[in-house]
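*Asks:* One line per chain: the protein sequences are W and E, in this order.
Residue 325 in our numbering sits at position 325 of the first sequence, with consecutive numbering throughout.
Offset between the second sequence (1-based) and our numbering: plus 380.
Take a look at the following structure, please.
There are 2 protein chains.
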Amino acid sequence: MTTGFGLNNLPYGVFSTPGTAPRVGVRFGDQVLDLAAALNDPVFASPSLNPFMAQGRARWTEVRARIPAALENGPLHPLTGVHLHMPFEVADYVDFYASEEHATNLGRMFRPDSAPLLPNWKHLPVGYHGRAGTVVPSGTGIVRPSGQRKPPNQRTPDHGPSRRLDVEVEVGFVVGSPSPLGQPIPTSAFADHVFGVCLVNDWSARDIQAWEYVPLGPFLGKSFATSISPWIVPLDALTEARVPTPPQDPAPLPYLTDAEPWGLDLSLTLSLNGHALSHPPYASMYWSPAQMLAHMTVNGASVRTGDLYASGTVSGPDASQRGSFIELTWGGENPLKLHDGSTRTFLEDGDEVTITATAPGTNGEAISFGEVKGRILPIQ
Amino acid sequence: MTTGFGLNNLPYGVFSTPGTAPRVGVRFGDQVLDLAAALNDPVFASPSLNPFMAQGRARWTEVRARIPAALENGPLHPLTGVHLHMPFEVADYVDFYASEEHATNLGRMFRPDSAPLLPNWKHLPVGYHGRAGTVVPSGTGIVRPSGQRKPPNQRTPDHGPSRRLDVEVEVGFVVGSPSPLGQPIPTSAFADHVFGVCLVNDWSARDIQAWEYVPLGPFLGKSFATSISPWIVPLDALTEARVPTPPQDPAPLPYLTDAEPWGLDLSLTLSLNGHALSHPPYASMYWSPAQMLAHMTVNGASVRTGDLYASGTVSGPDASQRGSFIELTWGGENPLKLHDGSTRTFLEDGDEVTITATAPGTNGEAISFGEVKGRILPIQ
């Protein structure tokens, strides 16, 4: 059995076998449990997790408790025989910027003459909305984006394929239970609203982004594609992974104070063409996902079933823990030497990027998040 | 008959009468045609315009041609007897920044020591993603948002209700026909994808926005609510309103060159508690909606049925043409004197804001966009 998909994990996804409709499944080892058939419940016959996620925390707990018995009877399909689909319909997509190391690295590169962290950074989890319609499942080919580029040595911008195509290693949080407009969600209600966790590759065209992003933030440098892993790990599988966030100084305002620890000890790996490049540690993230949710709704904004919010690039303090090429190569100044003797500053056509993660699970057995991967396709 | 809703307009919305389900209607004068019943077509029995909008340009033209005859037979409901709903399900929401006067005014206020327009502004339509889940129909009460505020005289931020609650007078473009991932939409295909036009009030909490927005753009300062008008004016009703954009210097890159004029001669009015405050002229907008769509997809981003993109605040060159309080009061320095003798810098609880617009129509008869309105409710 593939390590990390035991009874302490049981992540949810959407699958189909040849000639059948997409429906909800649960991964167990190298098999997929057909949940619609196993539990004889039409909510799992949906081609997305949204109807089930909308049923709320009590129902999520109840279904999870029934899965071990259901695995005895099946039906189970071998993983190699199923097609995996987008696990949920994305409502709104938000991207945070919650790694102090990542924000500091980018500040040093982009604003070398001032303090690397902007004044607001330690007071609130900085974030912005991304494009929900271009969140794609792992395995989707990523066509190199075109756009406006204006290198420093060029007086005016031109239009063409991005020359600085990058990744961002991130973790995503999927909202199940919605909230009404006008009612902020306190940090203590995080687990009532968030269904589970996935891996996110926030593909980024650094040259497009650098030219466009003032004053309203990233737009086309990000919106061409965001890839997510096919298996949503339930929050209930992460009890052993919970850790406090690093010390927060200054102390956050009361609405941002974590009621309980929601830092997560996920060990991530960024790989290029099958070889590991770095190992970003999620436990180093400054802001917890409960703080992100409380901040995202403090103005009364509602959340919907299927909302996805991502952590921002995970980068640890060590150079081997950086979660993007722009950091790993320091803006392209220090090319990476690859196993095959070639070098990379940014991604080349044909490159395949994979992000994986594991976390401590119950019974001393690690749980796996599977992978999110994508290959760069040349512009058509 | 109410002016502006004649045979040359015929906007679409979603309505219900007491005890009946929401469905698609067409406004004609002070009446609403029940389109599902009139055309005996289930696509109009949907509680949103999305299924009809997804059918594409040829179908939109065909249905519009059949409406005059359908009006002869009805059923028609008096406008006073119907409830108006959200006209469509918002997929992604994007907000542009396409008024040179607005961008210049805000640049002068926020960056008094440098050029008011940033270097990219005349090369591309600057924009960002907003929160689709908090786009609400006209008439929805707007609860004053809370968030982090850090006035210049304060060393650290505090948390509380926004003291600088503002509006932005905007025009919204609603996508009907989707596009596949990886295929930019040329300016020439604008009318194949965009179904119609509505009015948008992009409520803005200036104090929250000013503190949060570096470096990733506006987030909670905008995401608490965005209001739209209930009637979507079909692009086909706007043939007489089309005008060239103002001269663009430097000439835009080829992908941004308008194939035909898509500037729009809409006359907008911003009113507070029933009294007009300003008259923003949409014809002064620097970037056309066809240029916005081409830019939004130049990186291969797909569009979906129900995507909404807004123009950004419409402000003309004259002080009486500004589309936000921050401009009308110059950052709160010059309070507005109201008809009742009171003054305003920003919105107070109980204030009701209304945006209306008209445009030239065929036969010399103006068409109306109706109104988008909302009242500020105190924090709960």
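Glycine included, C-beta positions come from ideal geometry on N, C-alpha and C.
1. On the DSSP letters alone, give me the boundaries of the beta strand (DSSP E) that I588/E sits inside.
2. From what residue to what residue does the alpha helix (DSSP H) around I447/E run?
3. Whose Cβ in chain W lies nearer than 8 Å to the Cβ of Y666/E?
4. Return the CA-CA distance between G754/E and E732/E, expressed in angstroms with no decimal places.
5. I'd like to know if F726/E contacts chain W, where contact means its C-beta is closer than 8 Å to some C-beta of that chain.
6. Based on DSSP bridge pairs, tell me the residues matched to N120/W.
7. Please list, in chain order, all residues of the same chain as P75/W whose beta carbon is under 6 Å from its beta carbon, the five residues on each side excluded.
8. Can you tell me whether DSSP reads V694/E as helix, strand or coil?
9. Are there 16 or more other CB atoms within 10 angstroms of the CB of L390/E, so buried, or fewer, so exposed?
10. Relative to the C-alpha of S99/W, which candidate in P47/W, G364/W, P246/W has its C-alpha closest?
11. Would the beta-carbon of T297/W fall within 8 Å of that of A91/W?
12. Quick one: grab the DSSP three-state call for R291/W.
13. Which residues bound the beta strand (DSSP E) around L106/W?
14. Which same chain residues, not among the five before or five after G81/W, have their C-beta less than 7 Å away from its C-beta?
15. Taking 8 Å as the cut-off, decide whether the C-beta atoms of L650/E and V515/E are in contact.
16. When the cut-off is 8 Å and only beta carbons count, does V506/E lie next to chain W?
17. Using a C-beta cutoff of 8 Å, does A259/W count as contacting chain E?
18. What number of angstroms, rounded off, separates the C-alpha of R403/E from the C-alpha of E469/E?
19. F96/W bridges to which residues according to DSSP?
20. Report all residues from its chain with a CB closer than 8 Å to the CB of R724/E; omit the five preceding and five following residues, and keep chain order.
21. Got a sec? Which residues, its chain only, sit under 6 Å from M381/E by beta carbon, not counting five neighbours each side?
22. Identify the residues that DSSP records as bridge partners of A259/W: which are they?
23. Rounded to whole angstroms, what is the Cα-Cα separation between H503/E and P632/E?
24. Roughly how many angstroms lie between the CA atoms of D475/E and P448/E, to the nearest whole one?
25. Hey, how far is the Cα of A445/E from the Cα of G552/E?
26. Using the DSSP secondary-structure output, state which residues sit across from Y282/W in a beta bridge.
27. Give me the chain W residues within the contact set of I756/E, using Cβ-Cβ distance strictly less than 9 Å, ordered along the chain.
28. Which residues in chain W have a C-beta closer than 9 Å to the C-beta of G585/E? List them in chain order.
29. Could you work out which residues of chain W lie near A471/E, taking near to mean beta carbons separated by less than 9 Å?
30. Quick one: list the residues of chain W neighbouring W611/E, beta-carbon separation under 7 Å, in chain order.
*Replies:* With the structure as the only source:
1. Unbroken run through I588/E is the alpha helix (DSSP H), 586-592; no beta strand (DSSP E).
2. 437-453
3. Near Y666/E there are no residues of chain W at all, since even the closest Cβ is about 15 Å away, more than 8 Å.
4. 6 Å
5. no
6. BP columns for N120/W are empty, so no partner.
7. D34, A37
8. coil
9. buried
10. P246/W
11. no
12. Here residue 291/W is Gln; the residue named in the question, Arg, does not match the sequence. If DSSP states are grouped into helix, strand and coil, Q291/W belongs with the helices.
13. Where L106/W is concerned, there is no enclosing beta strand (DSSP E), although the alpha helix (DSSP H) it sits in stretches over 100-110.
14. T17
15. no
16. yes
17. no
18. 13 Å
19. G127/W
20. L652, F705, T709, P715, L716, L718, D731
21. Caution applies to M381/E, whose pLDDT of 48 falls short of 50 and renders its modelled position unreliable; the value that the coordinates give is listed next. Closer than 6 Å at the Cβ level, and outside the excluded window around M381/E, lie G409.
22. According to DSSP, A259/W bridges with nothing at all.
23. 6 Å
24. 35 Å
25. 24 Å
26. Y282/W is not bridged to any residue.
27. The premise fails here: I756/E is roughly 12 Å from chain W at the closest Cβ pair, so nothing lies under 9 Å.
28. The residue you asked about is not Gly; residue 585/E is Ala in the sequence shown. The contacting residues are N299.
29. A132, G133
30. Residues of chain W passing the Cβ test: none, with the nearest at roughly 22 Å.
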